[in-house]
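J.:
In my numbering, the protein residues as written are 221 to 529.
(1) My assumption, with CB atoms under 8 Å, is that residue 510 sits in contact with residue 462. Please give the rounded CB distance.
(2) Could you pull the DSSP bridge partners for residue 374 from this structure?
(3) When burial is assigned at 16 or more other CB atoms within 10 Å of the CB, is residue 372 buried or exposed?
(4) In three-state terms, what does DSSP make of residue 520?
(5) Quick one: Cα of residue 468 to Cα of residue 455, how far?
(6) Looking at C-alpha atoms only, which residue of 306, 292, 388, 337 is the closest neighbour of residue 187?
(7) Runs of 3 residues minimum, wholly inside the segment 268-296: which ones carry the beta strand (DSSP E) assignment?
(8) To the nearest angstrom, how far is the alpha carbon of residue 183 from that of residue 313?
(9) For the candidate residues 367, 286, 443, 297, whose alpha-carbon lies nearest to that of residue 383?
(10) Going by other Cβ atoms of all chains shown within 10 Å of its Cβ, with 16 needed for buried, is residue 520 buried or exposed?
(11) Taking the C-alpha atoms as reference points, what is the distance between residue 434 and residue 342?
(12) Measuring CA to CA, which of 483, 528, 500 is closest to residue 253?
(13) Which partner residues of residue 339 appear in the DSSP bridge assignment?
(14) Flag residue 520 as yes if its beta-carbon sits less than 8 Å from any beta-carbon of chain B, otherwise no.
(15) So is residue 280 buried or exposed if we call it buried at 16+ other beta carbons inside 10 Å?
(16) Short check: CB of residue 366 to CB of residue 423, under 8 Å?
(17) Nearest-angstrom Cα distance between residue 438 and residue 263?
(18) Three or more beta-carbon pairs under 8 Å between the segment 471-488 and the segment 322-337, yes or no?
(19) Roughly how many angstroms lie between the CA atoms of residue 305 and residue 473, to the nearest whole one?
(20) Tell me the rounded alpha-carbon separation between residue 311 and residue 302.
(21) Quick one: give me the first and last residue of the beta strand (DSSP E) that residue 389 is part of.
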């Protein structure tokens, strides 16, 4: 798969608000567009905004990365036009949106292979079963050494790093591995910034962490990705395994939620969302994501057309 351009997650983090051409302003008015939410989806939307800038000079797009939960907090009180999300909106967030009269359109824009990563000096673990991952991450887990994960592994202290509780990646991982969203041991180093997780795992020989595939792609010289055995043998995270569904249970869709009120008021927002969907495969490849199929994207474009009509 070609990688013609690279937008780093670090760039998205450093530019918490990426201003593209023009002066500041709220989302929804004067052509300005405000997005916030998932740090996993953030680099994708940032790349889409950069490409859109070339098509539509004078449109400002700001992209924040407060986490999926933090993004929905702002979105559901009308502060943002787009909420980037690495999971579907939950019932509590739906209720808050309804209370504030915020109607929205859910659009899948890209796929992800949630990736478990270890330190490059880890030469003993190449694949973990979902049962082993559960034993490591379940609430109250007392596993503190790699030898407790598998007797053939060395007695190296296990140092855990992962997303914070506002992260959609945290929600998805805990549901897929521990059977309940939010169920996790708490004695690990959490961060809403995936680059902090990269630094933590790369700095600890016994480090283990997880985040979206694009962050591994960006940092594969500093980390090793683990295959996962979900019951049918070890499968490595990657473009093909996410697309064909064989990387279970950790492949997933990533979303943007678009305010219908902002769509009505802001022609620039409609143009940006349409541009993002029409160019999603190119954007995904450039930003190191797993692209959706054209058929899948056509379905999302039809959802946009239906909402506009």
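C-beta: ideal position from N, C-alpha, C; glycine also.
These numbers were taken from a predicted model, which means no experiment stands behind them.
T.: This is what the structure holds:
(1) Sequence index remark: in the chain shown, residue 510 carries index 290 (1-based). Sequence index remark: in the chain shown, residue 462 carries index 242 (1-based). Separation of the CB atoms of residue 510 and residue 462 is rounded to 4 Å, and the pair is thereby assigned contact status at 8 Å.
(2) Along the chain shown, one-based indexing puts residue 374 at 154. Its beta-bridge partners do not exist; DSSP assigns none.
(3) Locating residue 372 in the chain shown gives position 152, where the first residue counts as 1. The residue in question, residue 372, is exposed, as its Cβ has fewer than 16 Cβ neighbours within 10 Å.
(4) Here residue 520 is taken as the residue at index 300 of the chain shown, counted from 1. Note: residue 520 maps to helix in three-state DSSP.
(5) To locate residue 468, count along the chain shown from 1; it is residue 248. To locate residue 455, count along the chain shown from 1; it is residue 235. Distance between the alpha carbons of residue 468 and residue 455: 8 Å.
(6) The requested residue 187 does not occur in the structure, where the chain is confined to residues 221 to 529.
(7) The qualifying runs are 281-283.
(8) Only positions 221 to 529 of the chain appear in this structure, which leaves residue 183 out of reach.
(9) Along the chain shown, read from residue 1 onward, the residue named residue 383 stands at position 163. Nearest C-alpha to residue 383: 286.
(10) Here residue 520 refers to the residue found at position 300 when the chain shown is read from its first residue. By the Cβ neighbour-count rule, residue 520 is buried, with 16 or more other Cβ atoms within 10 Å of its own.
(11) The count along the chain shown starts at 1 and reaches residue 434 at position 214. The count along the chain shown starts at 1 and reaches residue 342 at position 122. When rounded, the distance between both Cα atoms is 21 Å.
(12) Within the chain shown, residue 253 is the residue found at index 33, counting from 1. Minimum Cα distance to residue 253 is reached at 483.
(13) For this step, residue 339 is matched to residue 119 along the chain shown. According to DSSP, residue 339 bridges with 443.
(14) Included in the structure is just one protein chain, with no chain B present.
(15) Numbered from 1 along the chain shown, position 60 holds the residue referred to as residue 280. Answer is buried; the Cβ neighbour count reaches 16.
(16) As a first step, residue 366 is located in the chain shown; it is residue number 146 there, counting from the start. As a first step, residue 423 is located in the chain shown; it is residue number 203 there, counting from the start. No. Outside cutoff.
(17) Counted from its first residue, the chain shown places residue 438 at position 218. Counted from its first residue, the chain shown places residue 263 at position 43. Using only the alpha carbons, I get a separation of about 11 Å.
(18) Between the segment 471-488 and the segment 322-337 there are three or more inter-stretch CB-CB distances shorter than 8 Å, so the stretches are counted as touching.
(19) Position 85 of the chain shown, counting from 1, holds the residue named residue 305. Position 253 of the chain shown, counting from 1, holds the residue named residue 473. Going from the Cα of residue 305 to the Cα of residue 473 covers about 9 Å.
(20) Here residue 311 refers to the residue found at position 91 when the chain shown is read from its first residue. Here residue 302 refers to the residue found at position 82 when the chain shown is read from its first residue. Taking the straight line from one Cα to the other gives about 18 Å.
(21) Numbered from 1 along the chain shown, position 169 holds the residue referred to as residue 389. Not the beta strand (DSSP E): residue 389 falls in the alpha helix (DSSP H), residues 388-398.
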